[in-house]
Ligand SMILES: [Zn+2]
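Residue numbers (the numbering used here): 368 to 574.
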């Protein structure tokens with residue numbers, strides 16, 4: 368049996384089963400034959416929704432960096448900490464590579480992913496030809512996905528908070544909620560993205 372051209376194959380993100388891609392009628396979805404995961408969606412409005420979620424997450428991320436994250440009160444001492452302060456707390460000797468890594472995983476990479484996605488999808492939503500390098504930007508956003516660890520940071524902070532709560536009065540600052548918002552929006556956005564149709568839109572307009 369002759370294989371169809373590679374461009375017409377779509378691999379299941381969960382189990383890697385290959386399927387023949389077909390153009391879906393608007394508003395429909397294609398599921399993996401083997402594990403049932405959603406493979407493709409044809410919702411012209413979805414692209415605009417993904418873009419608006421990405422923009423929201425980007426703004427929340429900026430808020431998460433600039434507002435106080437936590438404040439502690441213990442024995443008459445008050446201390447408010449932002450995410451940047453928390454990262455810089457390790458800024459000594461051997462821990463400096465740790466500072467750089469943490470800053471990358473929880474701030475720089477999530478912001479780069481969102482920025483790249485906004486850059487690539489912006490013109491598509493307005494039905495304009497894609498910007499130069501839009502394919503590279505979208506590919507980068509996809510490749511960086513496993514390295515974006517804002518959610519792990521939130522889990523870690525929550526665990527630490529439970530431990531500290533017995534020793535000091537902890538007040539959760541606006542940045543904590545902003546971060547939690549980024550995590551939830553990122554999950555929603557990544558669920559909604561139909562990679563196949565975005566690549567197709569980027570390809571078509573490039574041709
Ligand atoms: Zn599958």
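Each residue gets a CB set at the ideal place from its N, CA and C atoms; glycine is no exception.
(message) For residue 440, report the span of its beta strand (DSSP E) as first-last.
(response) Counting along the chain, the beta strand (DSSP E) containing residue 440 begins and ends at 437-441.
(request) Give me the Cα-Cα distance between residue 468 and residue 392, rounded to the nearest whole angstrom. (result) Cα to Cα, residue 468 sits roughly 44 angstroms from residue 392.
(request) Return the CA-CA distance between residue 472 and residue 431, expressed in angstroms with no decimal places. (result) Note on geometry: alpha-carbon atoms of residue 472 and residue 431 lie some 14 angstroms from one another.
(message) By the DSSP assignment, the beta strand (DSSP E) with residue 396 in it spans what residues?
(response) Residue 396 -> beta strand (DSSP E) spans 396-398.
(message) For residue 478 and residue 399, I'd like the C-alpha separation in whole angstroms.
(response) C-alpha separation (whole angstroms): 31 angstroms.
(request) Find out if the Cβ-Cβ distance for the pair residue 424, residue 522 is shorter than 8 angstroms. (result) It is not a contact, given that the beta carbons lie outside the stated cut-off.
(request) Have a look at 470, 555 and 568 and flag the residue whose alpha-carbon is nearest the alpha-carbon of residue 495. (result) Distances from the CA of residue 495 to each of 470, 555 and 568 were compared; the closest alpha carbon is that of 568.
(message) Checking 8 angstroms against the spacing of the C-beta atoms, do residue 499 and residue 486 come in under that value?
(response) Residue 486 is positioned such that its CB atom lies no closer than 8 angstroms to that of residue 499.
(message) Looking at ligand 1, does it come within less than 7 angstroms of residue 448, judged from the CB to the closest heavy atom?
(response) Ligand 1 has no heavy atom closer than 7 angstroms to the beta-carbon of residue 448.
(message) Let me check one thing: in DSSP terms, what residues is residue 537 bridge-paired to?
(response) DSSP output for residue 537 lists 439 as bridge partner(s).
(message) Please state whether the Cβ-Cβ distance between residue 437 and residue 538 is less than 8 angstroms.
(response) Their beta carbons are under 8 angstroms apart, which means residue 437 touches residue 538 by this criterion.
(message) Let me check one thing: in DSSP terms, what residues is residue 446 bridge-paired to?
(response) 439.
(message) On the DSSP bridge list, what partners appear for residue 407?
(response) Residue 407 is bridged to 397.
(request) Taking only the alpha-carbon atoms, compute the straight-line gap between residue 403 and residue 453 and give it to the nearest angstrom. (result) Rounded to whole angstroms, the separation of the alpha carbons of residue 453 and residue 403 is 42 angstroms.
(request) Kindly identify the DSSP beta-bridge partner or partners of residue 387. (result) Per DSSP, 376.
(message) Just verifying my parser: in three-state terms, what is the DSSP assignment at residue 499?
(response) Three-state DSSP puts residue 499 in coil, outside helix and strand.
(message) According to DSSP, simplified to helix, strand and coil, what is residue 562?
(response) Helix at residue 562.
(message) Any residue with its C-beta under 6 angstroms from a non-hydrogen atom of ligand 2 counts. Can you list them all in chain order?
(response) The model on display carries ligand 1 but not ligand 2.
(request) Give a yes or no on whether the C-beta atoms belonging to residue 407 and residue 415 are separated by under 8 angstroms. (result) Cβ distance not < 8 angstroms, so residue 407 and residue 415 don't count as in contact.
(message) My assumption, with CB atoms under 8 angstroms, is that residue 484 sits in contact with residue 413. Please give the rounded CB distance.
(response) With 8 angstroms as the limit, residue 484 and residue 413 do not qualify as a contact, their Cβ atoms being about 13 angstroms apart.
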